[in-house]
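Notes follow the structure.
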Amino acid sequence: HASDNEIMSCRIRSGYFRWARSPGASSLPCPVSGPLSENQPPESALLIEHRDEVFARLAADLSRHGLQVVRATSACEGSKAFRVCQPSLVIANVRLLDQSAWLFAAKLRLAEHAMPIWLYQPASAPNDFRMAAFLNVNEVFDYGGDLIELSQKVMDCLAGVTHGTAGVKWVG
Numbered sequence: 016h017a018s019d020n021e022i023m024s025c026r027i028r029s030g031y032f033r034w035a036r037s038p039g040a041s042s043l044p045c046p047v048s049g050p051l052s053e054n055q056p057p058e059s060a061l062l063i064e065h066r067d068e069v070f071a072r073l074a075a076d077l078s079r080h081g082l083q084v085v086r087a088t089s090a091c092e093g094s095k096a097f098r099v100c101q102p103s104l105v106i107a108n109v110r111l112l113d114q115s116a117w118l119f120a121a122k123l124r125l126a127e128h129a130m131p132i133w134l135y136q137p138a139s140a141p142n143d144f145r146m147a148a149f150l151n152v153n154e155v156f157d158y159g160g161d162l163i164e165l166s167q168k169v170m171d172c173l174a175g176v177t178h179g180t181a182g183v184k185w186v187g
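Numbering (my numbering), first residue to last: 16 to 187.
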């Protein structure tokens, strides 16, 4: 029998969902925390990224910040993970393999109005800002293809959420 603090993994297609066993729980639920309040840090993050190196860097950074990270490699997997795990934060690459993260964000907003959604891409088009505002996407990170820059922007923004100072719509 697993200890209460043990991390369990379950392979779902090409992505890995990581679960933490809740004390006294007989099943293996995903970390569930609901939407963020203004001064509440997220407890779990759904990270939708198909590239292993990008996922590994962001997941390591998010884990060091105290988040349980749930991985999906496509919007389809992201939808399933969202329904099962109900993360408190969604971070996604705009260029997903099976559909645009903009469409995925629109679908998420139908299910969850308050949860933070952060998207990232190498460079934004002029219409992206309007799309982010329309879909109530909380953050859009332009990172110029530099993984270290993306990591830093995500961590800076997460620190802002943790301290109740987030409010930037566009991080470029």
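Just so it is clear, CB atoms sit at the ideal spot from N, CA and C, and this is done for glycine as well.
Spatial neighbours of Ala60 in its chain, beta-carbon cut-off 8 Å, leaving aside the 5 residues before and after:
The answer, listed in chain order, is Leu77, Leu82, Gln83, Val84, Val85, Pro102, Ser103, Leu104, Val105, Ile106.
Separation of Ser89 from Ala96, as counted between CA atoms
Between the alpha carbons of Ala96 and Ser89 lies a distance of about 10 Å.
Note the first and the last residue of the continuous alpha helix (DSSP H) segment covering Ala147.
According to the DSSP assignment, Ala147 belongs to the alpha helix (DSSP H) that extends over 141-150.
Can you tell me which of Val69, Ala147, Ile132 puts its alpha carbon nearest to the alpha carbon of Leu162?
The option with the nearest alpha carbon to Leu162 is Val69.
Could you tell me which of His65, Phe119, Ala140, Val99 sits nearest to Asn151, measuring between CA atoms?
Its Cα nearest to that of Asn151, the residue Phe119 stands out among His65, Phe119, Ala140, Val99.
Backbone CA spacing between Asp113 and Leu123 [nearest angstrom]
If you draw a straight line from the Cα of Asp113 to the Cα of Leu123, it is about 16 Å long.
Enumerated in chain order, which unbroken segments of the beta strand (DSSP E) with a length of 3 residues or greater are wholly contained in the segment 76-115?
Runs of beta strand (DSSP E) with 3 or more residues, each lying fully within the segment 76-115, are found at 83-87, 104-108, listed in chain order.
Can you tell which of Ala116, Leu125, Asn108 has its C-alpha closest to the C-alpha of Arg98?
Comparing C-alpha distances from Arg98 to each of Ala116, Leu125, Asn108 shows the shortest one belongs to Leu125.
Of the choices Gly160, Tyr158, Val155, Leu62, whose alpha-carbon is the least far from that of Ser94?
It is Leu62.
State the start and end residues of the unbroken beta strand (DSSP E) segment that holds Asp157.
Per DSSP, Asp157 belongs to the beta strand (DSSP E) from 154-157.
Taking its Cβ as the centre, do 16 or more other Cβ atoms sit within 10 Å of Asn108, making it buried, or is it exposed?
Asn108 comes out buried.
Can you give me the Cβ contacts of His65 inside the same chain, cut-off strictly under 6 Å, excluding the 5 residues immediately before and after it?
Sequence-distant Cβ neighbours of His65 in its own chain, meaning closer than 6 Å and more than five residues away, are Thr88, Leu112.
Can you tell me where the beta strand (DSSP E) holding Ala60 begins and where it ends?
59-63 is the extent of the beta strand (DSSP E) around Ala60.
Consult DSSP for Leu43 and reduce its assignment to one of helix, strand or coil.
Residue confidence is low: Leu43 scores 31 on pLDDT, short of 50, so the model does not pin down where it sits. Its coordinate-derived value is still stated next. In the structure shown, Leu43 sits in coil (DSSP, three-state: anything other than H, G, I, E or B).
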